[in-house]
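There are 4 protein chains.
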Amino acid sequence: MSFQNPVFIPGPTNMPEAIRQACSMPTIDHRSPIFGNILHPCLDGVRKVLKSESAHIFIFPSTGTGGWETALSNTLNSGDTVLAARNGMFSHRWIDMCQRHGLDVQVVETPWGHGLPADEYAAILKADTNHKIKVVLATHNETATGVKSDIAAVRAALDAANHPAMLFVDGVSSIASMDFRFDAWGVDVAVTGSQKGFMLPAGLAIVGFSDKAMTASETATLPRAFFDIKDMQNGYDNNAFPYTPPVGLMNGLKHALDLLLDEGIDNVIARHTRIATGVRLAVAAWGLELCAASPDVYSDTVSAIKTPDGFNATDIVTHADQVYGVAFGVGLGDVAGKVFRIGHLGSLTDVMMLSGLATAEMCMADLGLNIKLGSGVAAAQEYYRANPAAIIKDAA
Amino acid sequence: MSFQNPVFIPGPTNMPEAIRQACSMPTIDHRSPIFGNILHPCLDGVRKVLKSESAHIFIFPSTGTGGWETALSNTLNSGDTVLAARNGMFSHRWIDMCQRHGLDVQVVETPWGHGLPADEYAAILKADTNHKIKVVLATHNETATGVKSDIAAVRAALDAANHPAMLFVDGVSSIASMDFRFDAWGVDVAVTGSQKGFMLPAGLAIVGFSDKAMTASETATLPRAFFDIKDMQNGYDNNAFPYTPPVGLMNGLKHALDLLLDEGIDNVIARHTRIATGVRLAVAAWGLELCAASPDVYSDTVSAIKTPDGFNATDIVTHADQVYGVAFGVGLGDVAGKVFRIGHLGSLTDVMMLSGLATAEMCMADLGLNIKLGSGVAAAQEYYRANPAAIIKDAA
Amino acid sequence: MSFQNPVFIPGPTNMPEAIRQACSMPTIDHRSPIFGNILHPCLDGVRKVLKSESAHIFIFPSTGTGGWETALSNTLNSGDTVLAARNGMFSHRWIDMCQRHGLDVQVVETPWGHGLPADEYAAILKADTNHKIKVVLATHNETATGVKSDIAAVRAALDAANHPAMLFVDGVSSIASMDFRFDAWGVDVAVTGSQKGFMLPAGLAIVGFSDKAMTASETATLPRAFFDIKDMQNGYDNNAFPYTPPVGLMNGLKHALDLLLDEGIDNVIARHTRIATGVRLAVAAWGLELCAASPDVYSDTVSAIKTPDGFNATDIVTHADQVYGVAFGVGLGDVAGKVFRIGHLGSLTDVMMLSGLATAEMCMADLGLNIKLGSGVAAAQEYYRANPAAIIKDAA
Amino acid sequence: MSFQNPVFIPGPTNMPEAIRQACSMPTIDHRSPIFGNILHPCLDGVRKVLKSESAHIFIFPSTGTGGWETALSNTLNSGDTVLAARNGMFSHRWIDMCQRHGLDVQVVETPWGHGLPADEYAAILKADTNHKIKVVLATHNETATGVKSDIAAVRAALDAANHPAMLFVDGVSSIASMDFRFDAWGVDVAVTGSQKGFMLPAGLAIVGFSDKAMTASETATLPRAFFDIKDMQNGYDNNAFPYTPPVGLMNGLKHALDLLLDEGIDNVIARHTRIATGVRLAVAAWGLELCAASPDVYSDTVSAIKTPDGFNATDIVTHADQVYGVAFGVGLGDVAGKVFRIGHLGSLTDVMMLSGLATAEMCMADLGLNIKLGSGVAAAQEYYRANPAAIIKDAA
C-alpha cells in the first residue's frame, strides 16, 4: 500500500492532514461573502511569507508556469529585451517562454550546478547604458540541479549599474521553504505555486508584483486575458475572481498560511535547512557528490545527487518506485541520467526523511553501487539527534 | 450549519461524496506510471462525453476562461477575423478576450434571452466570399440568461455557405449536462470546465480540438506557452503534463467520468431535462417568467427568472444567503437586478431541488413579492411524481 | 446519488462536515498525551450538556443500549426491584434488559403515545414503604412514538414519597437536543449515545452517574467487565480507557461539543423546538395526527405521524427510500404500520427540513392518501419565515 | 507535523487511505437495504479470514474486550470452570473477566515470554475425567510480550484427552495478520477487534462461534443483553443490528476485507512474517533480545524488546513521542519498564518499518544505550532487499 510512503520528490510535497481536509470542502457559492473570508487572508498571508509590506498578490488557478506567464504578459511588450541565465531546466523553460512571447532574451549560459552569475549580470547591466534590458530573470532555486542563487547579489548588480530593469524571481521551489525577501531584495515579480512550500496540491500560480511592476502593467501590450492582473484585481475588490475560483484549494492555502505563520516563517526556513543538512551528510557518507557545485549554492529543498559515470541515475528512481513504492526525482535536461533527486521540502519529519534515505540506500545497493547499507541513515541520524526538531503536533 | 444545504448556483455544482473523496488524494509522484492511469481514462472519457470519435482532448489546470484562451491562442493569428454574437455575459467576455488578443471580432448584437442568430450568421457567412472569417464563436448555453442555442443550426449556416471557418463552441455550462455533439455538429473546438456537468471543484479547463483545429495550431502565431496544446500533447505522450498536473482533480475527473458514462450520457441529459422541467413549472406557478425568450431556448442547467419591474432580483440572492443559508445566482451584466438564477445541474435530486424551490418561495414572500407559499413546490412535486427519477444510489 | 439527500430518521442524524472530518483522524497512539487532550474535554463537555456540575461521565465504545447495561450492571444486584413504565419500544427494551439481568421489574403499562405516568409512579412509590424499589427507570423521549415525558414530575413523585430510589433516565433521543437537567431533576444515571444530538456516527454509549449512583456501584454485584465504570475511571485517571478507545469518534465528540457549547445549549434546544414546530404544522396541514397524545408530550426530535386506518404507514418509508432516496423512520412495536416517523434532530436547516416534508407529501400522494401537494411545506414555510433561524455558517 | 509519521504500536495500526475514506461515510438509514449490502459481505469475509466454512460471525460496536465478554456470557453459567494460562497482560485480563462473571478459573501460571503450556493443558484435561472444565481459554498472540502460542497443540491436548471442553481463542492481535485456522484447530469461539489486522479504527468486537458454541448459547445463563448473540442473529436476519450499528466502521470493514481477500490471506500472513523478520534482525544487530523466549513463539505482529537491566524501557517510548513524534508501545504488567514494543502489523511497508527502526536507534542512543546508529536499519535493509515485497499500490 504504497500510498502511505512519503514522497521525496521536489514537489508536490507530502500534505498535512489538516490541509487536505481544508482543501476537501463542500461546494459554496464563490460569490458569497464566505469566499472573501478565504481570499483576503490568503493574499495577506502570502505577502507575509514573501517578507513584503506592499507586494500586490495575485493567485490564479494555474501552476508556477502560469505564474511566469503572468509576470511576462502583464509587464512587457513584444520585442522587449530580457536578461536571463540558463543554469537548469526551469531557467531554460522560462527563457523559452520569453521567446514564444516575442521577447529578446539575452541568455547567459551558465553551467548546470552553478548559481546565477551575478558578476556577469553586473557587467552586462553596466554595459546596457541605453537600458534596453527591461527585466532581469532569476531562478532562485533551480529544482533540477538543487542549486540556489544569490538574489541579493543580482539586486546589487542592478543597483551598482543604476539600472532601472525590473527583477523577476522564480521562487517556485524556494518560497515558503527557503529565505525569500521580496522587499529587501527589491524583487518586482515573484512567482511560485501551491504544491511546494505551501504543501498543497498543484493548481495555484501565486505571484507578487511590486508597485513598479504594477505601473509597468498599465502600459504593457502583450496579449493577456486569463492571466490579466487587472481583471484579477477588479475581482478581488469584489471578493471574487474574474472567473470561478478554486475555492477548496484557496481554503487549503488559507490553512497552510496559518500553519506556516504560526510556526514563524524563519522557523520554517530553519526546519528546511535542518532536514536538508541531514540529507547532505547522508550523501557524503555514501561517498557521492551533489550536482550543486559548492556549499553556498546548496538548496534546502532538493538535493540532486550525482551517480558514478556509466551508471544511469534514473534507474534508481524507477527501481524505488517499482520495488519500494517510493518516489524520488529523476534528473532533467542536461543532467538526465546523471543525477537523481531527493526532495526535502514541505511537510517532512526526521522519521520520514530517514525512511527516504534508507530506501535510496537499498536502491543503490540493489543496482550495484558500492553503498554501505545504513551509512547515510547513520550520518543523518547523528545530525538529527544532535539538532532535535521542534516537534509540531497537529492539534487533534 | 449552512454548508449542508445544497447550492443552486449554475456551477460549481454539488459534489457527490465519491468524487470529493477521489479528489482528496494523498500526494503521488506525477511522473510515475500511476498518473498515466488517471490521465488517459480522462482523455478518453471526455471524448465520449463530447460524443466524438476523434477529438483531441486537452485538460489544463485552469478554468473555462483558460479554455477559451486555449482555443484562440492555438489556432489564430493577430488580426484574424472572428464572428460572434453577444447575447449574454459569457459571449460578451469571450468577445472581449478576442479583442485583447488582437482579433477582429465581427459582433452580432443579439437580445439577451435569445439564442444565437443562426440566420444572421448564415447571411454573414454567405456574404464573406473571401473567407475572411476564420472562426465562428458560439456559446452553447448562456449561463447568464439560461438560454441554449442551436449549434446544429450554426453548423448548417456554415455548410450552406460552404464556408471553411472553424466552429468554436463554449459548452462550459452545457457539456456533460445537455446534449452536445462534437462530431455531428462539426465542432472544431469545444470548451468546458470541471465545475459544472463534471461535478468537480473549479480548476480544470477541458477542451476538445478537431483535426482541422489541430492543423490550424501548427501555423497559428498568437503567443502561447501555458496553454500551448503542442506542449501538452508532448506531455501526454509521456503520461505527463508539461508542468505539474493537478493530480487529485484529475483523479476526481476520472471518477466523475466513470459515474457519467456508467449512467449513460443520454440518461444524464434526460435527468437534467427532468429536473429543469420541474423548476420551470414552479416558475410558471409563481406567475413569473424566464429570461429565456421561448421554450426552444430554455436551458436545462440554469433558469434565469425575471422579477417584476422595480424589484431588485439580487435581493433574493442576498436574502437567501443571509437568512436561509442557500446560494442562488445573481443576474449578471445587462440583466443584473432583473433576474435571479437557479442552477439545476450536476448532482441533484428531486428532494434537493424542491428544497431550493421552497427556499426561493420564502425569499420572494419575505421580500414582498406576491408568491403563494408552496405553489411552485407543488407544481414541481406533481411533475416529479408523474415522472419518477431512476434513483442512483452511491455504492456503499 | 441519494447519499446527498438529508436523512430524516430519528438518528443517526445528518453530520456536519467538520464533525465528519474530526472523526476521520489518522491513527495516533491512544496511550500518548494527545488522547488525554481529547478525552477530558469530552467528559467536561458532556457534563455541561447534561446541565450538571458534578455528574461522573463515562463514555464506552458501544451504543445507548450499552449505556443502559452500564447503568444497571454497575448499580444493582440480582433480584433488585425496579419500577418502569412501558409506553414505547425503547422503554420496552429496557424493561426486557432488566429482566435478563435478573431484576424484578414492576411494570406500569402505559398507552403508547402517552408520557410517563408520574401520578402512578407517585402512588407506587408512596406505597413502597419498605423501599424495595431501588431504581425508577424513565425514558425521557420515546423515539418510537415521538413522546417526551416529564422527568421533573418523576423526581417530584420520588421526593413526595420521600423515596430513596435512584432515578435512571434514558435520554438517548433527547440529550443535546431537548432540555435535560441532570442536577435540577435529580437524575442518578443519564444514558445517551453519539448518533443523536451529538451528530456523530453510532459507536459511543455516553452515561452520567450521580454521586449516589457512584456509591451504589461500590456494592453492586451484577457481573460486569466491559461496562465497569470503575475500570473506566481508572483508565481516565491515566488519560486512557481500560481497552483501546475509539479515538476518532472521541475526537468527533470533542468537536461536536465545541459546536454545541459555542452555540449555547439553550439555543440548541430552541433550534430543535423551532424546526419541530414547522413539522407539526405541516402534519396538521395534511390533516393528520401525531401518535403523541397531546401537545405537552410532543417530542422536539421526532414526530410519529399516524396514517388513516387500513393504510400501511411503513409503505411510505419504503416508497421514500425506493423512489426518492429519502429515509424516514418506520413505526416500531405496537405502532408498526400505524405511524411513520420524521426525525428532526441534529444538523438540520429549514431548507433540509422542507425537502423532507415535500418528499413525505409526494410519497403520501403517490400511495393514494388525500394529501394536497405543497400544503405541509407551505405551513412550515410560513412558520419558518415568521421565526427565522440564526444561520450558523461553518467557518471555512 | 507528527501525525504523518507512521505509528509502531501493536494496534491500532496505520490505516490505508481507502479504508479511512470507506469509514467516513455520510449518514444512511441503517434500516434500509443498503446496510444489508454492507453487513453480509462483512460476515462472509470475516469467516474467510478465520479460515472457516461454518463459523457464525457476530460483530458488535465494542472492542476485543467486549468480544471476550460475548464469548463468556453467551456460553457459560455462573460457577462453571474454565482453564486458562496467564502468560501476559491480555490472558491476565481475560482471567480477571472470568472471575468477575463468577467463573471458576483454573489458572496455569506461565512465565511471561513463554507460549501456552500445551503439555500442562494436556495433563490437566486428562485428569479432568468429570469434564468439569467447560472451556479452555487460549490467547493466540500475547500482545504484551510478543509471544504467539500453538493453538493446534491446545486442540491436540483436548483431543488426546477426549475432552469435550470448548476452545476459546483470543486472536485480537493475530487474526488477519498471522495464520489462524478456526476450522482446522477446532476453535469454538474466536475473538478479535477492528483495530489490528483489519486496519480500522477501534470500535468493533468481532467474534466467531462454532456450532458447538452456538448450542451452548441456548442454555447459558450468564446475564447478557448488549452482547447477546441471539438478538444479534435476529437482527442480521433482517439486515439489521438489535440497536444502531456503526455503519461507517462496518463499511470500512467491508473494504478492509476486500483488500485482504484480494491480496489473499496467506499472502497477508507472509507479508507480516517478512516485515517482522526484518525487525527481529534489527534487534539482533542492536545486541538486544526479545521478551519472547524462543523463535517458535516469536510474534509476527509485535516484538517486545528487552532493554538492559537498570534501564527503564518506557523512557524510549516517551522519548520517541516527545522528541521524534513516533509511537512505540510500552511494556505492560510484569514487563513494564523492562521492554518496549514495536508493532509491525497492518498497513506497513519496508519504508515505514525502516523509519521506525531508525527512530528506535536514535532514541536508544539518545538515552545512553550502546547502540550503533544505522546498525538495525542495515540489518533490516539487507533482509528486505533480499526478499522484496510484492508492492501493493492502491488503485488511484
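Protein sequences, first through last, are from chains A, B, C and D.
Quick note on our numbering: the first sequence kicks off at 1 and runs consecutively.
Quick note on our numbering: the second sequence kicks off at 397 and runs consecutively.
Quick note on our numbering: the third sequence kicks off at 793 and runs consecutively.
Quick note on our numbering: the fourth sequence kicks off at 1189 and runs consecutively.
Glycine residues also receive a C-beta, built at the ideal position from the N, C-alpha and C atoms.
Grab the span of the beta strand (DSSP E) containing Arg-892 (chain C) for me, first residue to last.
-> No beta strand (DSSP E) contains Arg-892 (chain C), which is instead part of the alpha helix (DSSP H) from 881-892.
Are the C-beta of Ser-846 (chain C) and some C-beta of chain D separated by less than 8 Å? no
Counting only runs that start and end within the region 132-169 of chain A, where is the alpha helix (DSSP H) found for 4 or more residues in a row? 151-160
Among C:Gly-1056, C:Ile-1134, C:Asp-896, C:Met-881, nearest to Leu-868 (chain C) - alpha-carbon criterion: C:Asp-896
In the DSSP output, what is Ala-304 (chain A) paired with across the bridge? A:Arg-341
**Request:** Give a yes or no on whether 8 Å exceeds the smallest Cβ distance from Phe-1397 (chain D) to chain C.
**Result:** no
Should Leu-1124 (chain C) and Ile-1097 (chain C) be called a contact, given that it needs their Cβ atoms to be closer than 8 Å?
If you check the CB distance, Leu-1124 (chain C) and Ile-1097 (chain C) do not come in under 8 Å.
**Asked** Alpha carbon to alpha carbon, how far is Val-1340 (chain D) from Asp-1367 (chain D)?
**Response** Note on residue identity: the sequence assigns Ala, not Val, to residue 1340 (chain D). Their Cα atoms are separated by approximately 11 Å.
For this session: Taking C-beta pairs closer than 7 Å, name the residues in chain B that Leu-1165 (chain C) reaches, listed in chain order.
Result: Here the neighbours are Ala-774, Gln-777, Glu-778.
Would you mind telling me which residues of chain C sit closer than 9 Å to Asn-635 (chain B), beta carbon to beta carbon, in chain order? Chain C residues near Asn-635 (chain B): none, gap ~30 Å exceeds 9 Å.
Between the Cα of Val-172 (chain A) and the Cα atoms of A:Val-154, A:Asp-188, A:Arg-155, A:Lys-196, which residue gives the shortest distance?
Taking only the C-alpha atoms, the option nearest Val-172 (chain A) is A:Lys-196.
How far does the beta strand (DSSP E) with His-426 (chain B) in it reach, from first residue to last?
Neither: His-426 (chain B) is in no beta strand (DSSP E) and is coded neither H nor E.
Could you tell me the boundaries of the beta strand (DSSP E) in which Gly-1396 (chain D) lies? 1392-1397
> In terms of residue numbering, what span does the beta strand (DSSP E) encompassing His-56 (chain A) cover?
Replying inline: 56-61
Test: Val-1195 (chain D) CB closer than 8 Å to a CB of chain C
Yes - at least one Cβ of chain C is within 8 Å of the one on Val-1195 (chain D).
- Query: the region 730-750 of chain B: which residues have C-beta closer than 9 Å to a C-beta of chain C, in chain order?
  - Reply: Ser-743, Leu-744, Thr-745, Asp-746, Val-747, Met-748, Met-749, Leu-750
Asn-14 (chain A): contacting residues in chain B (beta-carbon distance under 9 Å): Against chain B, a Cβ distance below 9 Å from Asn-14 (chain A) picks out Pro-422, Thr-423.
task = Would you decide whether Ala-1584 (chain D) is buried or exposed? Buried here means 16 or more other CB atoms lie within 10 Å of its CB.
result = Because Ala-1584 (chain D) carries a pLDDT of 39, less than 50, the predicted location of this residue cannot be relied on, and the following value inherits that uncertainty. Under this definition Ala-1584 (chain D) is a buried residue.
I'd like to know whether the C-beta of Ala-1005 (chain C) is nearer than 8 Å to at least one C-beta of chain D.
no
Report buried or exposed for Asp-624 (chain B), applying the criterion of at least 16 other Cβ atoms within 10 angstroms of its Cβ.
Looking at its Cβ environment, which holds 16 or more other Cβ atoms inside 10 Å, Asp-624 (chain B) is buried.
Is there at least one Cβ from chain B nearer than 8 Å to Asp-321 (chain A)'s Cβ? yes
Item checked: Reference Glu-1257 (chain D); option with closest CA among D:Ala-1378, D:Ile-1216, D:Thr-1506, D:Ile-1226 -> D:Ala-1378
- prompt: Which first and last residues belong to the beta strand (DSSP E) in which Val-1115 (chain C) is found?
  reply: Note, Val-1115 (chain C): premise wrong, no beta strand (DSSP E); not H, not E.
field: DSSP beta-bridge partners of Ala-390 (chain A)
entry: The partner list for Ala-390 (chain A) (beta bridge, DSSP) is empty, contrary to what the question assumes.
Requested in this report: Starting from Thr-1537 (chain D), trace the beta strand (DSSP E) both ways and give me its first and last residue.
Outcome: Taken as a continuous stretch (DSSP letters only), Thr-1537 (chain D) belongs to no beta strand (DSSP E), as it is neither H nor E.
* **Near-chain B residues of the region 120-143 of chain A (beta-carbon distance less than 9 Å), N- to C-terminal order** => none
Practice prompt. Could you run through the region 553-583 of chain B and flag, in chain order, every residue whose CB is less than 7 Å away from some CB of chain C?
Written response: none
**Message:** Does Gly-64 (chain A) come out as helix, strand or coil in the three-state DSSP assignment?
**Reply:** helix
Q) Does any C-beta atom of chain C lie closer than 8 Å to the C-beta of Gln-106 (chain A)? A) No - not a single Cβ of chain C is within 8 Å of the one on Gln-106 (chain A).
Notebook entry, point to check: Hey, does Gln-195 (chain A) have any beta-carbon neighbour from chain C nearer than 8 Å?
Noted result: no
Whole-angstrom distance between Pro-903 (chain C) and Gly-1138 (chain C), CA atom to CA atom = 28 Å
| Mind checking if Pro-802 (chain C) is an interface residue toward chain D, Cβ cutoff 8 Å exclusive? | no
* Asked: How about the region 1066-1078 of chain C and the region 1165-1173 of chain C: do they share at least three Cβ pairs that are nearer than 8 Å?
  -> The region 1066-1078 of chain C vs the region 1165-1173 of chain C: in contact.
* Asked: Which residues in chain D sit within 7 Å of Thr-277 (chain A), going by Cβ to Cβ distance?
  -> Per Cβ cutoff of 7 Å: no residues; Thr-277 (chain A) is ~16 Å from chain D at best.
Assuming contact is defined by CB atoms lying nearer than 8 Å, are Cys-23 (chain A) and Pro-245 (chain A) in contact in what I supplied? no
### Task
Can you pull the chain B residues whose beta carbon is under 7 Å from the beta carbon of Pro-1180 (chain C), in chain order?
Val-719
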